[in-house]
Structure formats: structure tokens, C-alpha cells
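What follows is a set of notes on a single structure, which appears directly below.
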Amino acid sequence: MESLDRSTIWPYDERGEPREFYYSRYASPTVAEAERALGALEGGEALLFPSGTGAATALVLSLLGPGDTIALAAGAYFGTAVTFQTLAKWGLHYVEFDQTGPPPDGVQLVWLEAPSNPFLTMPDLEAAVAHPAPVVVDSTVSTPVYLRPLEHGADFALHSVTKYLGGHDDALLGAVAGRDLAELHTFRTRTGISPAPDPAWLLLRGLKTLDARVRRQTETAQTIAHRLAEHPKVVSVRYPGLSGLMSFDVADGDAARTVETSTELIANATSLGGVTSVMESRHRWEGDRVPAGLLRLSVGLEPADAIWADLAQALNKV
Ligand code: PLP
Numbered sequence: 012m013e014s015l016d017r018s019t020i021w022p023y024d025e026r027g028e029p030r031e032f033y034y035s036r037y038a039s040p041t042v043a044e045a046e047r048a049l050g051a052l053e054g055g056e057a058l059l060f061p062s063g064t065g066a067a068t069a070l071v072l073s074l075l076g077p078g079d080t081i082a083l084a085a086g087a088y089f090g091t092a093v094t095f096q097t098l099a100k101w102g103l104h105y106v107e108f109d110q111t112g113p114p115p116d117g118v119q120l121v122w123l124e125a126p127s128n129p130f131l132t133m134p135d136l137e138a139a140v141a142h143p144a145p146v147v148v149d150s151t152v153s154t155p156v157y158l159r160p161l162e163h164g165a166d167f168a169l170h171s172v173t174k175y176l177g178g179h180d181d182a183l184l185g186a187v188a189g190r191d192l193a194e195l196h197t198f199r200t201r202t203g204i205s206p207a208p209d210p211a212w213l214l215l216r217g218l219k220t221l222d223a224r225v226r227r228q229t230e231t232a233q234t235i236a237h238r239l240a241e242h243p244k245v246v247s248v249r250y251p252g253l254s255g256l257m258s259f260d261v262a263d264g265d266a267a268r269t270v271e272t273s274t275e276l277i278a279n280a281t282s283l284g285g286v287t288s289v290m291e292s293r294h295r296w297e298g299d300r301v302p303a304g305l306l307r308l309s310v311g312l313e314p315a316d317a318i319w320a321d322l323a324q325a326l327n328k329v
């Protein structure tokens, strides 16, 4: 078992020189071990941050300056656009584009999401890496089990570790993977966006079962997506595979509210990627950006028949 080292300081060596670890804002053993494990999975290096959002903020602030523009995949995680809007007062701009085609000219960073949450579109990675700007792929939803963006020529992969990599809804954490993260590491130390050891230890635990969890969730999600598509109360289903995440539409906002509050096994809660199934209407957070009847479902590790029975009884209340 990996040890959890909560120290913030480690003694200098006998000559009075700092060893590898001396103050935890710079680096710490449990975090470094989790970073090595995730880097190996992504085919590069990895750095952890206190949340996925913290990872995104650190990455754009370290790469870009005032007057720069990010091309952001339309329909990507709502909070990423909110983060970029928040940075506007420092002169950072973003434009949205359809990630199934090439990014627009004249941008200094391309930001993709594979697949996007909650619209589940997949980016055209080939078109994006042909663009002169660096490319970030938020691969929170596909995980390295199904997608290793660096192998496709992307410059950075980004994760909300809070989701599948942690996998148990008990660790808030983010990560960036890349080929050479020395500058980002310095930026992290100097701005203090440094991760704590406890969630890093939970990441190490989560990685042990990542492959088994994600493959089982994908298999279950395939079954659920097929059954949903045949249900008379379901208008459409978005499910590209690649994880346990899907979204589907019922008639309207009232129907969505009825379904999400009628499940018993599936928790009516936000987030995704944990061992427990969760479902929510995204309209409450994203407003008219999503259809009022859209429900996002993150399939957990419960038996497929139990998840389906719960969904079916909730849909029959509409
Ligand atoms: N990226 C995606 C695809 C997400 O779904 C989320 C969170 O929902 C984030 C990034 C942000 O991560 P965090 O909540 O860990 O800050």
C-alpha cells in the first residue's frame, strides 16, 4: 500500500541541502506518487491541482496572457465557460466553436472535451492538432482507459479527478497531463494552487480499480441506453460509449423534474463518474443552454437490471 504522508515539511540533508521534498507547496511524496501513476497512464507527466477547475485555471493562466483568446468546444462542461468568463477581467477571451470540425483561426489555445458533458459530442482531434495553437483535451469523461490525448498529438489532457479517476465521490482533485510540465509546476508552486495529500492518496486508490470500474460502467450504460431509446417517454438518448455517462431527453422540464425526483436507487445529485449512479436535470444549472427535458445520468456499479427497474418506475410516473 502507498503511504499517506501529511507532512508539510521534510528535513534537509546532513549538509543542510534540501532533499527532493522540503515544503509541500513545492512537492510532496503522496502527491508525487499519484502524479507518477497518472502520468504513466497518460503516456507523459502529470500534475495534480486542488480541483479540475483549479487545473483549468492554472493551465490557462500559465499559458496565456491578456488579449489572448481560447477556442472552447461548444457544449463542453458549463463550468469551464464560467471559469473563462471569470478570467475576462484579466483580458482573457474565449469563443465557442463546434468541436466536431476544425477550430477557428486567430486563437492562442484550443480547448476540447472528449466526450462533452452533457451533450456527449466527440472532438475532431486530427483537425484540432493541425491548428497552430496548443490543444487541451478535457478527457474527464473518457478517462485514459479509452482515450490518451497525448498519443493523438494533443499538448495537454485535463481531468476532473473528482469524477472517474477518484471514482468514489469523496475526493475533490484535478490533473493536467503533458509531455513537459516543468513550467506549469513552477507556476503551480508560485501561485500556490497546490494539491493536498489526502485526495492524492484517494486517487492512488481509485486508479487501482479504474479499468474495472469504467469498463463495467460502460457495459451497463450500453444496456441502459438501449432500453431508454425504446421507452415511450424518452424523446432522445445521447450515448457515445467511452464511459458510464449519458444524457437523455424527456418531454419537458416538468417531466424531467418528476423523473429525477422519483428514483430510489439512483441518487438525485450532481457530478458523475462515481460507483453510485446519479442523475440530474442540467437545466437547473445551465438554463436555456440545455433542453429543459435533458437528464444527465452517470451509471454506477449497481446491476444493470436494478438501475433499469429504478429508471423505468420513475419514467412511468410521467
Ligand atoms: N471538466 C469536466 C468535464 C467536468 O465534468 C467537471 C466537473 O463537473 C470539471 C471539468 C470541473 O472539475 P471540478 O469539479 O473537479 O473542479
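In terms of the working numbering, the sequence shown has 112 at position 101, counting the first letter as 1, and numbering is strictly consecutive.
Glycine included, every Cβ here is placed at the ideal spot set by N, Cα and C.
Remember, it's a predicted structure, so these values are computed and weren't measured experimentally.
Assign residue i to buried or exposed, taking buried as 16 or more other Cβ atoms, counted over all protein chains shown, within 10 Å of its Cβ.
i: residue 53; result: buried
i: residue 111; result: exposed
i: residue 55; result: buried
i: residue 285; result: buried
Do residue i and residue j have their CB atoms nearer than 9 Å?
i: residue 331; j: residue 199; result: It is not possible to answer for residue 331, since the shown part of the chain is limited to 12 through 329.
i: residue 307; j: residue 128; result: yes
i: residue 190; j: residue 222; result: no
i: residue 227; j: residue 312; result: yes
i: residue 140; j: residue 163; result: yes
i: residue 225; j: residue 203; result: no
i: residue 322; j: residue 270; result: yes
i: residue 176; j: residue 49; result: yes
i: residue 304; j: residue 262; result: yes
i: residue 173; j: residue 158; result: no
So is the beta-carbon of residue i under 8 Å away from any non-hydrogen atom of the ligand PLP?
i: residue 87; result: yes
i: residue 298; result: no
i: residue 124; result: yes
i: residue 91; result: yes
i: residue 184; result: yes
i: residue 63; result: yes
i: residue 181; result: no
i: residue 132; result: no
i: residue 151; result: yes
i: residue 292; result: no
For a test of the three-state rule: what should DSSP assign to residue i, helix, strand or coil?
i: residue 36; result: coil
i: residue 47; result: helix
i: residue 13; result: coil
i: residue 196; result: helix
i: residue 247; result: strand
i: residue 105; result: strand
i: residue 18; result: coil
i: residue 170; result: strand
i: residue 80; result: strand
i: residue 165; result: coil
Span of the beta strand (DSSP E) holding residue i?
i: residue 307; result: 305–309
i: residue 189; result: 185–189
i: residue 150; result: Per DSSP, residue 150 belongs to no beta strand (DSSP E) and is neither H nor E.
i: residue 291; result: 289–292
i: residue 260; result: 256–260
i: residue 123; result: 120–124
Tell me the residue span of the alpha helix (DSSP H) that contains residue i.
i: residue 316; result: 315–326
i: residue 215; result: 208–241
For a test of your reading of the model: does the CB of residue i fall under 8 Å from any non-hydrogen atom of the ligand COA? Yes or no.
i: residue 174; result: No copy of the ligand COA occurs in the structure displayed; its ligands are the ligand PLP alone.
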